[in-house]
Amino acid sequence: MSGKYEPLFTPFKIGKTEIKNRIVLCAMGGTSLIEDGKFHEATAEYYIERAKGGVGLLIPGIAVIQDMWGRGNWLNEAREAFRGPVKELMDEIHKYDTKLFMQIGAGMGRVLAVKSGMAAVPDFNKDYAMCAPSVLPNVWAPEMMHREMTKDEIHKIIEAIVEAAKLAQEAGVDGIEIHAIHEGYLLDQFSIENTNHRTDEYGGSLENRLRFVCEIIKGIKEACGQDYPVIVRYSVASKMKGFNSGALPGEPYKEFGRSLEESPAVARILEAAGCDALDADNGSYDSWYWAHPPMYMPLACNLPEATYIKQFVDIPVICAGRMEDPEIATEAIANGVVDGIGIARQLLADPEWSNKIQAEQVDDVRPCIACHNGCFGRLFAGLGTSCALNPAAMQEEKYKITPAAVKKKVAIVGGGIGGMEAARISALRGHQVTLYEKTDRLGGVFIAAAAPDFKEADKNLLKWYIKQINDLNVTIKMNTEVTPELINETKPDEIIVATGAKPRTLSIPGIDADHVIEAIDLLLDKKQAGEVVAVIGGGLTGCEIAYDLAKKGKKVKIIEMMDDILQVKLLSAANSNMLRELLVYYNVDVQTSTQLCAINSNSITVSKDNAKTEIPVDTVVIAAGYVPSAPLAVALQELENVQVIGDADHVGSLLDVIWAAYDVALKI
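The structure is reproduced here in structure tokens:
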């Protein structure tokens, strides 16, 4: 084998088990094969697609030995229902020479997503759910305290995990990943001094704090044999300054969790206990953006720490955390600094990532943009994990693209993301597609959204869309405004209006002044901001603009009329928390519950608590959101073959736009 990315496609061993290449699909929340005590068929399809896509090792999302509410034990209640379907899945996975390790978790501890009213949830067993190594505050609701686990409870968890591992082995599963000395979950809380205040054999010294996980490793090895691989999900450093306080990249801080200095000793103890590999990254729920890096994080953000820890162990180290750039990944493997490349959300966005990289078709990879809307945002909203860019993720059967029964002429009006997605799916289904764009650029408002330097993946997404619709021979009419006359002349069978949105207009004195800039004009470099800037609107666009300006040395204020910033649907806490901390780090002055009253020649007048204040500024940036813009839909309202999608219908997120386009195109 030869090729630019050849090192990524060389085999390596975890224990005595050979993995065909260096690509590891890391576990993600909401992607477990076991849901509600049952084998999850839709998730199985998801993993089969990734095996077809060339992944070497699959690690499904956490299978807890008892669900977080204490309502049952999937292992004891569903042994036969589990063993048969998993055996069938493993037979299918192995057709592609792919391996699968089951991730088994001990529990959540203080990171359990509880709220004060959670006791009202049916079957909620608060006493069971609210356990931890010691009395600790909950991450999500710090007023709620977790109780200290008993030794008997610890022993029962160890026994149950060992039993689960044996069951997985009997079902043909290739290995086990223990969840986790990672991200601040229960076992991680036991391992860290500041979250383990016990005085028994499970607390105190480092060896005692790691006793829980080591007894699990040894128990699995004893039950399943020394050659059965057991790996550990491992955070090299916690990156936390305290409870609910993370450390940003490059920020000086004192480690509250696991330090880089202590980490080698932890890794060596795990190896001595029988751990066959470390699946490594950084972070905790208190610094969630390290374990689940948003677009504000650099690529390969955890590679330095993974490289560091590899020096101290003789077992493979897998590195996860924005590792999807094949140049970076290949160099890491070629130089021997890590042994495996952990890819997660990129494989939600594009199940064929591995095959495309091996074939050097990098431009055909649909890039993950680290937005977390479709994965974490949907998961925490109770909607199930998927992908903002790929509705078929975790819904493979529902969103399967099939040839259209009747081939039609489809006119798509608007060359933004929604229009291009509708064109792509329609063309894939065999329709004759014409895409109309009234400007000289495809991309719509997403061109501006992708402008900041931390939005490189967004820029790549635009390039990907343009390449796909060109490769599919979509007819593209640029600089063409569609009118009823044009529609009457061309006579399409179906019309999709995807004309997007326009900035919301504010009725404020001074709004037309020269030093007032619309967010979209600032992002497109049509106008420049002065040294002191007021950003009107604390939504995602406003906060990202404020961060970008402050990072460039501007003095920035955010004026938000609501009682908090970033009140955005499906915005993940990983993204929100990091952006909030970046605003603090760069000294952005955030003023909430504050109304803009007037824009003056060198100041703005605002009102809060019925008191008016004048704030000196050089520039005012309006980031007050968007409103639908679909005049053509109004002009064509008497036609039955017109469908309005995306922001032209109602303003939403990128997920809303892409999913609406996909849905409409799938039904034509």
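With the working numbering as the guide, the letters of the sequence shown map in order to residues 307 to 974. Backbone N, C-alpha and C define an ideal beta-carbon position, used for all residues, glycine too.
DSSP has residue i in a bridge; who is on the other side?
i: G722; result: G749
i: L792; result: Looking at the DSSP assignment, L792 forms no beta bridge with any residue, so it has no partner.
i: G648; result: V330 and A626
i: G548; result: S551
i: F682; result: The partner list for F682 (beta bridge, DSSP) is empty, contrary to what the question assumes.
i: F825; result: First, the residue type needs correcting, since residue 825 is Ala and not Phe in the sequence shown. The partner list for A825 (beta bridge, DSSP) is empty, contrary to what the question assumes.
i: A840; result: K863 and V926
i: K808; result: V933
i: V370; result: G411
i: L442; result: H452
i: K462; result: K462 pairs with nothing; no bridge assigned.
i: I325; result: F318
Among residues of its own chain, excluding the 5 on either side of residue i, which ones have a beta-carbon nearer than 7 Å to its beta-carbon?
i: P317; result: E324, I325, K326 and N327
i: K857; result: Y892
i: I621; result: E577, C581, D582, A583 and L584
i: V417; result: V445, G490, Y491 and Y591
Mapping the DSSP letters down to three states, classify residue i as helix, strand or coil.
i: Q873; result: coil
i: Y742; result: strand
i: R453; result: strand
i: E577; result: helix
i: G481; result: strand
i: S590; result: strand
i: L734; result: helix
i: C903; result: strand
i: T408; result: The sequence as given places Met at residue 408; Thr does not occur at that position. In the structure shown, M408 sits in a strand (DSSP, three-state: E or B).
i: L961; result: helix
i: L364; result: strand
i: Q897; result: strand
i: I467; result: helix
i: A425; result: Legend: pLDDT at A425 = 48, less than 50; position of this residue unreliable, no value from coordinates given.
i: T501; result: helix
Report, in whole angstroms, the separation of the C-beta atoms of residue i and residue j, which I expect to be a contact under 8 Å.
i: L566; j: A543; result: 5 Å
i: E557; j: Y891; result: 7 Å
i: L872; j: L961; result: Actually they do not touch by this definition, with Cβ atoms about 16 Å apart.
i: K783; j: T740; result: 6 Å
i: I851; j: V841; result: 6 Å
i: D955; j: P934; result: 6 Å
i: A529; j: K472; result: 5 Å
i: E743; j: G720; result: 7 Å
i: R672; j: A655; result: 5 Å
Assuming residue i is part of the alpha helix (DSSP H), what are its boundary residues?
i: D585; result: No alpha helix (DSSP H) contains D585, which is instead part of the beta strand (DSSP E) from A583 to D587.
i: R389; result: R385 to H400
i: L418; result: That residue, L418, is in no alpha helix (DSSP H); it is neither H nor E in DSSP.
i: T613; result: L609 to K616
i: Q774; result: E762 to D777
i: E528; result: R517 to C530
i: Q664; result: W659 to Q664
i: D433; result: K432 to A435
i: T337; result: From DSSP, T337 is part of no alpha helix (DSSP H); its letter is neither H nor E.
i: I354; result: E347 to K358
i: I634; result: P632 to A640
i: V890; result: A879 to Y891
Leaving out five residues before and five after residue i in sequence, what residues of the same chain have Cβ atoms less than 6 Å from its Cβ?
i: Y353; result: L364
i: T919; result: V912
i: V950; result: V803, A936 and A939
i: A757; result: L829
i: V468; result: G525, I526 and A529
i: A904; result: P815, G816 and T911
Where do the N-terminal and C-terminal ends of the beta strand (DSSP E) with residue i fall, by residue?
i: S541; result: V536 to S541
i: F318; result: F318 to I320
i: D494; result: First-last for D494: L492 to S497, but that is the alpha helix (DSSP H), not the beta strand (DSSP E).
i: V933; result: Y932 to P934
i: I851; result: Looking at the DSSP string, I851 is not in any beta strand (DSSP E); the run it does join, the alpha helix (DSSP H), is L846 to K857.
i: S909; result: S909 to K914
i: V950; result: V948 to V950
i: K783; result: T781 to K783
i: I802; result: E800 to V803
i: E489; result: No beta strand (DSSP E) holds E489; DSSP gives it neither H nor E.
i: E702; result: Taken as a continuous stretch (DSSP letters only), E702 belongs to no beta strand (DSSP E), as it is neither H nor E.
Once you ignore the five residues that flank residue i on each side, which residues in its own chain have a CB closer than 8 Å to its CB?
i: Y602; result: Y595, F760, Y853, N881, M884, L885 and L888
i: I974; result: A710, K714, V716, S732, R735, H737 and E800
i: V957; result: A807, G931, Y932, V933 and P934
i: V668; result: P632 and K662
Compare the C-beta of residue i with all C-beta atoms of chain E and state if any pair is closer than 8 Å.
i: P809; result: As a matter of chain content, chain E is missing from the structure shown, which is built from one protein chain.
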